[in-house]
Amino acid sequence: MRIAAPPRLEAAWQALQLWLGATVLPAQCALCGTGCPQALCAPCRAQYLGQARRRCRQCANPLADIEVAPLCGRCLRQRPAYDATVTAFDYAAPVDQLLLQLKFGARLALAPLLAELLYVAIQQQQGWEAPQLLCPVPLGPARLAERGFNQALEIARPLARLLDVPLQPRLALRVRETRAQSGVAPQERQANLAHAFAIAPDHGPLLPGCHVGIVDDVMSSGHTVNALAAACKRAGAARVSIVVAARTPPH
Ligand SMILES: [Zn+2]
Ligand SMILES: [Zn+2]
Numbered sequence: 126m127r128i129a130a131p132p133r134l135e136a137a138w139q140a141l142q143l144w145l146g147a148t149v150l151p152a153q154c155a156l157c158g159t160g161c162p163q164a165l166c167a168p169c170r171a172q173y174l175g176q177a178r179r180r181c182r183q184c185a186n187p188l189a190d191i192e193v194a195p196l197c198g199r200c201l202r203q204r205p206a207y208d209a210t211v212t213a214f215d216y217a218a219p220v221d222q223l224l225l226q227l228k229f230g231a232r233l234a235l236a237p238l239l240a241e242l243l244y245v246a247i248q249q250q251q252g253w254e255a256p257q258l259l260c261p262v263p264l265g266p267a268r269l270a271e272r273g274f275n276q277a278l279e280i281a282r283p284l285a286r287l288l289d290v291p292l293q294p295r296l297a298l299r300v301r302e303t304r305a306q307s308g309v310a311p312q313e314r315q316a317n318l319a320h321a322f323a324i325a326p327d328h329g330p331l332l333p334g335c336h337v338g339i340v341d342d343v344m345s346s347g348h349t350v351n352a353l354a355a356a357c358k359r360a361g362a363a364r365v366s367i368v369v370a371a372r373t374p375p376h
């Protein structure tokens with residue numbers, strides 16, 4: 126008979142593994158496995174993350190070279206609740222590994238790298254308006270307990286330091302545990318997220334007239350950040366910018 130570890134012991138073991146992964150294990154490039162002191166070696170960085178591409182100013186989807194407007198057709202047809210999006214790279218092999226290893230391999234040392242890549246992308250963004258505060262997309266309590274950390278917060282924390290913008294990790298709450306978006310049919314995704322977020326009552330006074338920056342790891346359909354942006358706007362936010370490490374290109 127297998128005896129389950131007491132929950133507190135299990136949590137301590139998980140914390141120890143996270144700490145070992147972040148500090149003690151030999152450093153190697155997350156993409157090619159070469160031993161190197163950084164999370165990503167210089168050749169991989171130059172090869173996979175070197176070029177910026179033209180993107181829709183509002184949703185960060187890639188724009189074709191022939192498109193001259195700063196917004197994509199989708200945003201022109203139906204404006205999202207958020208006003209701008211900046212991303213560091215497209216969510217595609219092999220750079221998706223940076224996010225997969227962070228999220229599912231608990232390789233937390235990748236979060237400061239992603240924050241730095243985002244910081245570089247922000248510096249390259251023309252007309253970027255700095256938000257007055259940063260808020261990571263919150264996880265529901267069940268998913269947070271299961272994973273042990275919120276990857277959006279892990280990215281937002283060093284990014285807030287780089288941008289010198291206050292971090293408000295408890296601004297937003299997930300009031301309804303939603304199914305993982307990847308497990309929901311595309312046509313049901315928006316409904317899955319409707320009213321998933323609320324603004325924490327004690328943080329409400331921060332929002333009227335405020336420019337909020339929402340941080341997440343990956344943006345796919347955009348329904349998640351759109352639902353959170355809508356909650357911020359309902360609470361009086363004047364502007365919402367989305368800051369996501371990676372953007373899934375539309376199919
Ligand atoms: Zn490498
Ligand atoms: Zn767009």
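Numbering (the numbering used here), first residue to last: 126 to 376. For glycine and all other residues, C-beta sits at the position ideal for the given N, C-alpha and C. Model, not experiment: these values are computed from the prediction.
CB of VAL290 within 9 Å of CB of GLY338, strictly: For the purposes of this step, residue 290 is taken as the residue at position 165 of the sequence shown. For the purposes of this step, residue 338 is taken as the residue at position 213 of the sequence shown. The answer is yes: Cβ separation under 9 Å.
Residue from THR212, ARG372, CYS161, GLU241 with nearest C-alpha to LEU288: Locating residue 288 in the sequence shown gives position 163, where the first residue counts as 1. Measuring from the Cα of LEU288, the nearest candidate turns out to be GLU241.
Rounded to the nearest angstrom, what separates ALA363 and GLY160 at their Cα positions? Mapped onto the sequence shown, residue 363 falls at position 238. Mapped onto the sequence shown, residue 160 falls at position 35. Near 46 Å, if we compare the C-alpha coordinates of GLY160 and ALA363.
Can you determine whether any heavy atom of ligand 1 sits closer than 8 Å to the C-beta of THR159, and answer yes or no? Indexing the sequence shown from 1 puts residue 159 at position 34. Set against 8 Å, the gap from the CB of THR159 to the closest heavy atom of ligand 1 is smaller.
Quick check on this structure: which residue in ALA155, LEU259, LEU258, LEU331 has the alpha carbon closest to the alpha carbon of ALA234? Sequence index remark: in the sequence shown, residue 234 carries index 109 (1-based). The residue with the shortest Cα to Cα distance from ALA234 is ALA155.
Give every residue whose Cβ lies closer than 7 Å to any heavy atom of ligand 2, listed in chain order. Qualifying residues, in the order they occur: CYS181, GLN183, CYS184, ASN186, LEU196, CYS197, ARG199, CYS200.
According to the Cβ coordinates, are LEU292 and LEU258 closer than 9 Å? What you label residue 292 is simply residue 167 of the sequence shown in a count that begins at 1. What you label residue 258 is simply residue 133 of the sequence shown in a count that begins at 1. Yes.
Hey, quick one: how far does the alpha helix (DSSP H) through ALA336 stretch, first residue to last? Indexing the sequence shown from 1 puts residue 336 at position 211. A small fix is needed here, since residue 336 is His in this sequence, not Ala. That residue, HIS336, is in no alpha helix (DSSP H); its beta strand (DSSP E) goes 336-344.
Using the beta-carbon count (16 or more within 10 Å), is VAL368 buried or exposed? For this step, residue 368 is matched to residue 243 along the sequence shown. By the neighbour-count criterion, in which 16 or more other beta carbons inside 10 Å mark a residue as buried, VAL368 falls on the buried side.
For the alpha helix (DSSP H) that PRO283 lies in, which residues bound it at each end? Here residue 283 is taken as the residue at index 158 of the sequence shown, counted from 1. In the DSSP assignment, PRO283 falls within the alpha helix (DSSP H) that extends over 276-288.
Is it right to say ILE191 is buried, meaning 16 or more other beta carbons lie within 10 angstroms of its own, or is it exposed? Start at 1 with the first residue of the sequence shown, and residue 191 comes out as number 66. By the neighbour-count rule (16 or more Cβ atoms within 10 Å), ILE191 is not buried but exposed.
Measuring from the CB of PRO168, is there a heavy atom of ligand 4 at a distance below 8 Å? In the structure on display, ligand 4 does not appear, and the ligands it does have are ligand 1 and ligand 2.
Cα-Cα separation between ILE128 and ARG282, rounded to whole angstroms: Position 3 of the sequence shown, counting from 1, holds the residue named residue 128. Position 157 of the sequence shown, counting from 1, holds the residue named residue 282. Note that ILE128 has pLDDT 47, beneath the 50 cutoff, so the model's placement of it is unreliable and no number is given.
When the Cβ atoms of the region 166-181 are set against those of the region 212-219, are three or more pairs found closer than 8 Å? Cβ pair count under 8 Å is three or more, so yes.
Please state whether the Cβ-Cβ distance between ARG295 and GLY265 is less than 9 Å. Locating residue 295 in the sequence shown gives position 170, where the first residue counts as 1. Locating residue 265 in the sequence shown gives position 140, where the first residue counts as 1. No, these two residues do not count as a Cβ contact at 9 Å.
Residues of its chain near GLN250, where Cβ-Cβ distance is below 7 Å and the 5 sequence neighbours each way are ignored: Counted from its first residue, the sequence shown places residue 250 at position 125. Cβ within range, chain order: VAL211.
Should LEU165 be listed as close to ligand 1, given that the test is whether its C-beta is under 8 Å from any heavy atom? Here the question's residue 165 lines up with position 40 in the sequence shown. Residue side-chain check: LEU165 places its Cβ nearer than 8 Å to a non-hydrogen atom of ligand 1.
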